[in-house]
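Visitor: One structure is given below, represented as structure tokens, and several questions about it will come after.
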Amino acid sequence: MNILVTGGTGFIGSHTIVELYEAGMDVLNIDNLCNSEAFINENVDAITGNKQIFICEDITNEEALRKIFSSHSIDAVIHFAAFKSVNESVEKPLEYYRNNIGATITLLNVMKSFNVYLLVFSSSCTVYGQPDHLPVTEDSPIKDAATPYGYTKQVCEQVIADFAEANPNFRSIILRYFNPVGAHKSGTIGELPRGVPNNLGPYITQTAAGILPLLNIFGNDYETPDGTCIRDFIHVSDLAGAHVAALKKLISKKSDLQVSFYNIGTGKGNTVLEVVKAFEKATSVKVNYKITGRREGDIEKIWANVDRAEKELNWKAKYSLEDAMLHAWLWEKKIRNI
Ligand code: NAD
Ligand code: UD1
197 MNILVTGGTG FIGSHTIVEL YEAGMDVLNI DNLCNSEAFI NENVDAITGN KQIFICEDIT
257 NEEALRKIFS SHSIDAVIHF AAFKSVNESV EKPLEYYRNN IGATITLLNV MKSFNVYLLV
317 FSSSCTVYGQ PDHLPVTEDS PIKDAATPYG YTKQVCEQVI ADFAEANPNF RSIILRYFNP
377 VGAHKSGTIG ELPRGVPNNL GPYITQTAAG ILPLLNIFGN DYETPDGTCI RDFIHVSDLA
437 GAHVAALKKL ISKKSDLQVS FYNIGTGKGN TVLEVVKAFE KATSVKVNYK ITGRREGDIE
497 KIWANVDRAE KELNWKAKYS LEDAMLHAWL WEKKIRNI
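Here the sequence shown is numbered in the working numbering, starting from 197 and rising by one per residue.
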């Protein structure tokens with residue numbers, strides 16, 4: 197099977213390419229490196245012992261995409277390429293709509309022209325907002341998006357559903373990721389945030405590495421056991437494995453549904469303080485932190501019900517939070533030469 201991966205040099209895409217090769221699939225990776233570095237592809241190839249085909253291209257460029265589809269055999273697509281900063285999306289909404297929604301429309305259009313009808317799409321638990329009931333299932337209501345980024349995920353889900361309606365051969369699995377953390381267990385690929393990180397994982401590792409003076413924990417007055425927010429933190433390699441499971445399901449043509457949705461998390465919530473403690477336990481390195489005020493836009497708590505993914509994709513997260521913290525630390529140490 198030849199799998200086209202868009203955004204395959206990024207955090208989740210690179211780990212997914214490792215899992216795809218482990219599952220015996222071949223990869224064509226298109227990434228314009230707007231939020232990633234080319235050396236990641238070399239490190240992925242070193243882990244897998246394979247040479248991925250890499251094309252540095254912007255997938256909003258329809259003409260270029262058509263040339264790629266006409267010169268390669270493609271059986272299915274995993275579409276990661278998107279901008280992902282929640283804050284930045286508020287400042288640059290048009291860029292986010294163009295890159296996230298525009299690229300998805302372009303990609304679907306080209307897939308249709310070349311009769312490529314299998315798609316795995318990266319969505320986010322952000323579509324649920326603060327759910328009324330926990331753990332959140334795939335049938336929980338979609339809440340109004342708080343930011344343009346969140347809205348791009350909701351719109352893309354709808355675009356894919358409408359495209360399916362009009363194209364009976366098309367099949368798609370939409371994965372709603374919870375909070376990916378960690379790095380490959382070898383410590384050779386991981387998250388590469390540009391500038392000061394927004395997300396908790398890299399903030400912790402950069403604080404531990406002494407790059408940042410301290411971690412601000414945003415609020416300890418939430419209605420949770422220790423007052424800090426709760427999220428479902430999933431090891432990025434487990435998340436990557438879910439894409440292989442999704443592809444296998446699409447390829448087997450066992451589902452009657454043209455479009456199906458799956459929560460991809462661990463099924464367990466952890467507080468922010470628990471994540472810090474897990475990091476300290478796994479690495480024996482202290483994290484300097486202080487409690488500050490709440491961050492605007494944060495929801496109090498969310499974690500996934502993953503029954504559907506377990507049952508229908510035959511997939512389950514295997515790594516612990518401590519594994520994720522240890523692997524993220526190995527990666528941080530490697531890139532900082534610590
Ligand atoms: P990332 O930024 O590390 O990876 C995205 C990759 O896509 C980057 O390598 C970037 O260079 C590339 N890219 C972006 N626009 C492109 C374009 N127009 N053409 C070609 N390449 C392009 O992000 P990630 O964390 O790996 O996220 C992957 C996907 O998962 C995104 O769609 C993101 O919205 C979604 N997601 C991520 C998270 C998370 O916490 N990381 C959570 C939920 C959903
Ligand atoms: C954020 C986005 C979400 C997106 C996800 C992955 C918001 C409201 N949501 O999720 O849409 O899918 O990133 O990109 O931005 N925290 C600290 N200190 C820090 C960083 C984070 O205390 O320096 C806390 C946050 O308050 C939160 C938790 O850690 O409670 C996780 O934060 P983060 O990693 O940014 O992810 P989310 O906010 O869950």
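Even for Gly, the Cβ is constructed at its ideal location relative to N, Cα and C.
Checking 8 Å against the spacing of the C-beta atoms, do residue 349 and residue 384 come in under that value?
Guide: It is not a contact, given that the beta carbons lie outside the stated cut-off.
Visitor: Hey, could you find the ends of the beta strand (DSSP E) residue 375 is sitting in?
Guide: Where residue 375 is concerned, the enclosing beta strand (DSSP E) stretches over 375-377.
Visitor: Within the same chain, show all residues whose beta-carbon is closer than 6 Å to that of residue 262, passing over the 5 residues directly before and after it, in chain order.
Guide: Result list for residue 262: 306, in chain order.
Visitor: Roughly how many whole angstroms lie between the Cα atoms of residue 247 and residue 301?
Guide: Near 29 Å, if we compare the C-alpha coordinates of residue 301 and residue 247.
Visitor: In three-state terms, what does DSSP make of residue 310?
Guide: In the structure shown, residue 310 sits in coil (DSSP, three-state: anything other than H, G, I, E or B).
Visitor: Kindly examine the ligand UD1 and report whether one of its heavy atoms sits closer than 7 Å to the Cβ of residue 475.
Guide: Incorrect: residue 475 has no Cβ contact closer than 7 Å to the ligand UD1.
Visitor: For residue 225, does the three-state DSSP call read helix, strand or coil?
Guide: Strand, per DSSP.
Visitor: Could you please give the first and the last residue of the uninterrupted beta strand (DSSP E) stretch that includes residue 458?
Guide: It spans 455-460 - the beta strand (DSSP E) in which residue 458 sits, taken as one unbroken run.
Visitor: Where DSSP assigns a beta bridge to residue 431, which residues make up the other side?
Guide: For residue 431, which the question treats as bridged, DSSP gives the partners 377.
Visitor: Considering only the alpha carbon of each residue, which of 507, 433 and 413 lies closest to residue 488?
Guide: It is 413 whose Cα lies nearest to the Cα of residue 488.
Visitor: Between residue 282 and residue 237, what straight-line distance do the alpha-carbon atoms span, to the nearest angstrom?
Guide: Their backbone Cα atoms lie some 26 Å apart in a straight line.
Visitor: Which whole-angstrom value describes the C-beta separation of residue 462 and residue 422, a residue pair presumed to lie in contact below a C-beta threshold of 8 Å?
Guide: No, residue 462 and residue 422 are not in contact; Cβ-Cβ is about 19 Å, not under 8 Å.
Visitor: Can you give me the start and stop residues for the beta strand (DSSP E) that residue 251 sits inside?
Guide: Its beta strand (DSSP E) spans residues 249-251.
Visitor: Between 226, 256 and 273, which lies nearest to residue 446 when the distance is taken from Cα to Cα?
Guide: Of 226, 256 and 273, the residue nearest in Cα terms is 273.
Visitor: Count the C-beta pairs between the stretch 308-315 and the stretch 328-340 that are closer than 8 Å, then say yes if the count reaches three, no if not.
Guide: As far as the Cβ criterion goes, the stretch 308-315 does not touch the stretch 328-340, which means the pair count is below three.
Visitor: Take residue 266 and list the residues in its own chain whose beta-carbon comes closer than 8 Å to its own, dropping the five residues that flank it on each side.
Guide: Within the same chain, residue 266 has close Cβ partners 310.
Visitor: Measuring straight from C-alpha to C-alpha, what distance separates residue 541 and residue 426?
Guide: In the structure displayed, the chain extends from 197 to 534; residue 541 sits before or after that span and is not available.
Visitor: Cβ of residue 222 within 8 Å of Cβ of residue 199?
Guide: Closer than 8 Å, so yes.
Visitor: Taking the beta carbon of residue 207 as the centre, do at least 16 other beta carbons fall within 10 Å, making it buried, or is it exposed?
Guide: Classification for residue 207: buried.
Visitor: What did DSSP end up calling residue 199 once you bin it into helix, strand or coil?
Guide: Residue state, collapsed to three classes: strand.
Visitor: Less than 6 Å between C-beta atoms, sequence neighbours within five positions excluded: which residues of the same chain meet that for residue 416?
Guide: These residues qualify, in order along the chain: 423, 424 and 487.
Visitor: Any heavy atom of the ligand NAD closer than 7 Å to the beta-carbon of residue 288?
Guide: Checking every heavy atom of the ligand NAD against the Cβ of residue 288, none is found closer than 7 Å.
Visitor: I need the boundaries of the beta strand (DSSP E) containing residue 488, first residue and last residue.
Guide: First-last of the beta strand (DSSP E) with residue 488: 485-488.
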